[in-house]
Amino acid sequence: MKTWLYGALATCAFELRRSFTIQRTAVSIVLALFPPAILAILVFATNLSGSSEARMAIQDFTKLLTVFLVALVCLLTALLWATPNVYSEIEGKSWGFIASRPGGRVSVFLGKFLASFFVSFSISTIAISLCVLIANRSFGMQDAQGLWISMCSVFLIGCMVYSAVFSMIGTLFIKRAMVIAAGYLFGSDIVLASIPGAIINQLTIRYHLQEIGIAWMGWFLPAPATEIEYRMIFGQPWPSFVHVLILLGIVALTLGIGCWTIVNREYITADDS
11 MKTWLYGALA TCAFELRRSF TIQRTAVSIV LALFPPAILA ILVFATNLSG SSEARMAIQD
71 FTKLLTVFLV ALVCLLTALL WATPNVYSEI EGKSWGFIAS RPGGRVSVFL GKFLASFFVS
131 FSISTIAISL CVLIANRSFG MQDAQGLWIS MCSVFLIGCM VYSAVFSMIG TLFIKRAMVI
191 AAGYLFGSDI VLASIPGAII NQLTIRYHLQ EIGIAWMGWF LPAPATEIEY RMIFGQPWPS
251 FVHVLILLGI VALTLGIGCW TIVNREYITA DDS
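So the sequence shown is residues 11 to 283, counted in this note's numbering.
This is the structure we're talking about:
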């Protein structure tokens with residue numbers, strides 16, 4: 011266990027140091043600045059139009075827009091960092107050395123999971139901070155600090171669970187891991203999670219994150235128009251700690267499956283073909 015822990019931390023530190031290249035840094039900056047840039051453009055266009063109705067509309071949808079844009083960036087970052095955890099080592103000709111070391115496979119798996127989590131959460135935090143700053147300067151939001159804390163807390167859990175799920179997918183599907191993960195997102199968190207009144211939507215990650223977001227950040231969804239109508243369709247809320255425990259259980263389960271898979275599966279390297 012101690013070998014896995016030290017190895018995971020060393021792998022995470024190595025991955026983070028390796029990320030400070032011009033290309034990766036540029037990608038991270040673009041991802042972090044994308045949500046505030048879109049929000050700033052919309053606010054500027056609204057102010058330029060001089061329409062009070064447009065200003066009220068963008069003010070009402072600022073929280074939803076921020077959540078949507080930051081979630082998009084968060085998921086894209088986790089996809090880029092977590093899914094190629096095994097394939098990148100095979101392509102880099104280092105899998106043979108890793109597989110021969112005691113605890114090497116598990117250490118690399120957990121270390122790359124931690125790196126994906128740290129990078130995705132860091133980018134999400136920067137994007138959230140800039141979006142809340144722009145909204146507060148433009149509209150004078152009430153309790154902007156509380157909203158920032160709540161939003162960062164939700165994305166902390168979200169980055170953790172999605173990094174774990176994508177890391178597991180990376181051990182199961184080597185060359186097509188990113189495609190499979192994107193398909194999982196579409197099928198589970200877009201299609202199934204949008205089915206009203208069905209038990210199956212409660213099995214999705216988005217449902218639990220959405221419930222936590224409503225409880226911690228307040229109402230932010232566009233439809234139904236009110237939380238009362240939402241509860242009539244999706245049922246009464248559970249306590250927030252229940253959703254948190256379920257998501258942490260998903261993290262533990264997917265990491266356990268990923269560790270078992272990466273230890274017991276024989277991966278075909280380029281030298282073997």
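Idealized CB from N, CA, C, for every residue including glycine.
Between E25 and K122 the beta-carbon gap is near 6 angstroms, inside 8 angstroms, which marks them as a contact.
The C-alpha of E101 lies about 11 angstroms from the C-alpha of I184. For the pair Y240 and L231, the CB atoms are nearer than the 8 angstroms cut-off. Under a 10 Å Cβ-count criterion, E276 is classified as exposed, with fewer than 16 other Cβ atoms of the shown protein chains found around its own Cβ. In the three-state reduction of the DSSP assignment, R65 falls in the helix class, which pools H, G and I. Excluding sequence positions up to five before and after P94, its CB lies less than 6 angstroms from no other CB in the same chain.
Restricting attention to T87, R186, T264 and N211, the CA atom closest to the CA of F244 is found in N211. Distance between E99 and L157, taken at the CA atoms: about 40 angstroms.
DSSP places G245 outside both helix and strand once states are collapsed to three, so it counts as coil. Annotation: P45 to L143 spans about 12 angstroms, alpha carbon to alpha carbon.
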